[in-house]
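Q: The following block contains the structure, expressed as structure tokens.
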Amino acid sequence: MAKDCRKFDYVPLLAVESASRSRGFPPQYRQIISVCCVLPILGAQWTDGEEKKTIWKFSCRPGEDGFLFRACLENTADDGTLLSPSGIDLNRHHVKGTHRENPKSDNVYLKLLVKLYRFLARRTDASFNKVVLRRLFMSKINRPPVSLSRIVGNINKEGEKRTVVVVGTVTDDNRLLTFPKVTVAALRFTATARARILKAGGEAITLDQLALRAPTGSNTLILRGPKNSREAVKHFGMGPHKHKKPHVVSKGRKFERARGRRRSRGFKV
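Counting with the working numbering, you get residues 101 to 369 for the letters of the sequence shown.
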């Protein structure tokens, strides 16, 4: 064997009674070890010049003159490439995924929907089911309500035949004077929103009813509400010129109207 060779080829072995009964040998090969030269077994030390190495991989197979044995040194792979002696250094060690894989809610009906759409996402090639499943996991902040006016604004005359899908709540908009005939599937409807949809001749169905009608999401339009319209989001942002809303008790003359709010008092943002 050359000094730089890091992998033994298959060599013939003789059956020896005093072979090791441990060190990871399969039961049918436990009485097999050596021939005229002492070959290393798993965990044994192999001296290559002045360097000591440990055998960490081996394989045996039957041959004409006994058994054939192949061993790899501790710092080599199956193809002979050099490996790190301390294992694999992962660059994302202890980094966890932050997305949800299950809903936090204990609502049994929501969990049944998750079970249904998890099955559809796995057994169909439609990305629609994967999107619905992911949104079923989301918190209420990430599932903002969708108004009837938003539905009307996103459908055209051709799109009125499509089923509008909302993974969240559908709410009424009293600024909207007329509402067309549309089929809407959602997790929840407010009473006035459901009444207006039904009065226009449309349908307000649940997501499990949608799964029976369109298991792949064909001829549907999936919508989301405005996520950044919350009152809390208006106060977000650091520094001036961000147009963030101040946390004040009142908007009167005596509340945060001096420095920073008037040019006559230093500066104005």
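Cβ atoms here follow ideal geometry from the backbone N, Cα and C, with glycine treated the same way.
#1: In angstroms with no decimal places, state the Cα-to-Cα distance between H341 and G352.
#2: Over what stretch of residues does the alpha helix (DSSP H) that includes T292 continue unbroken?
#3: Taking 8 Å as the cut-off, does the stretch 262-279 touch the stretch 310-327 (at least 3 CB pairs, one atom from each stretch)?
#4: Would you mind reading off the limits of the beta strand (DSSP E) that contains V264?
#5: Which word fits N229, buried or exposed, when buried means at least 16 other C-beta atoms lie within 10 angstroms of its C-beta?
#6: Excluding the 5 residues flanking A358 on each side, which residues of the same chain have their C-beta closer than 7 Å to its C-beta?
#7: Tell me, which residues are paired with A304 by DSSP?
#8: According to DSSP, is K196 part of a helix, a strand, or is it coil?
#9: Name the one or two DSSP bridge partners that G368 has.
#10: Looking at the secondary structure, which residues open and close the beta strand (DSSP E) in which L321 lies?
#11: With distances taken between CB atoms, is the gap from L307 to R262 smaller than 7 Å?
#12: Would the stretch 291-298 count as touching the stretch 189-209 if we require 3 or more Cβ pairs under 8 Å?
#13: Go ahead and label R123 buried or exposed: buried means 16 or more other beta carbons lie within 10 angstroms of its beta carbon, across all protein chains shown.
#14: Give the straight-line distance between the Cα atoms of A285 and E356, rounded to the nearest whole angstrom.
#15: In this structure, does DSSP put S239 in helix, strand or coil?
#16: Where does S249 fall in DSSP's three states?
#17: Can you give the beta carbon distance from A226 to T316, rounded, assuming they're within the 8 Å contact cut?
#18: As a quick exercise: from V195, L190, R218 and N207, pick the residue whose alpha carbon is nearest that of A311.
#19: Which residues in the same chain have their Cβ closer than 6 Å to the Cβ of I74, if we skip the five residues on either side of it in sequence?
#20: By the DSSP assignment, the alpha helix (DSSP H) with F219 in it spans what residues?
#21: Reducing DSSP to helix, strand and coil, say where F355 ends up.
#22: Between D272 and T283, what straight-line distance do the alpha-carbon atoms span, to the nearest angstrom?
A: Straight from the coordinates:
#1: If I take the Cα positions, the gap works out to 22 Å.
#2: Looking at the DSSP string, the run of the alpha helix (DSSP H) that includes T292 is A291 to K299.
#3: The answer is yes - the stretch 262-279 touches the stretch 310-327, with three or more Cβ pairs under 8 Å.
#4: For V264, the enclosing beta strand (DSSP E) stretches over residues T263 to T271.
#5: Buried.
#6: Closer than 7 Å at the Cβ level, and outside the excluded window around A358, lie R365.
#7: V284, per the DSSP bridge assignment.
#8: Coil.
#9: Residue identity check: residue 368 is Lys in the sequence provided, not Gly. Answer is G360 and R361.
#10: L321 -> beta strand (DSSP E) spans T320 to L323.
#11: No. Outside cutoff.
#12: Verdict: no, contact absent.
#13: The predicted model places R123 with a pLDDT of 47, which falls under 50 and marks its position as unreliable; any figure quoted below should be read in that light. The residue is exposed, with fewer than 16 neighbouring Cβ atoms inside 10 Å.
#14: Straight-line measurement puts the Cα of E356 at about 46 Å from the Cα of A285.
#15: Residue state, collapsed to three classes: coil.
#16: Three-state DSSP puts S249 in a helix.
#17: About 4 Å separates the two Cβ atoms, so the contact holds.
#18: Looking only at V195, L190, R218 and N207, the smallest Cα-Cα distance to A311 is reached by R218.
#19: Because the chain here runs from 101 to 369, residue 74 falls outside it and cannot be looked at.
#20: V208 to R223 is the extent of the alpha helix (DSSP H) around F219.
#21: In the three-state scheme derived from DSSP, where H, G and I count as helix and E and B as strand, F355 is classed as coil.
#22: Looking at the two C-alpha atoms, the distance is approximately 15 Å.
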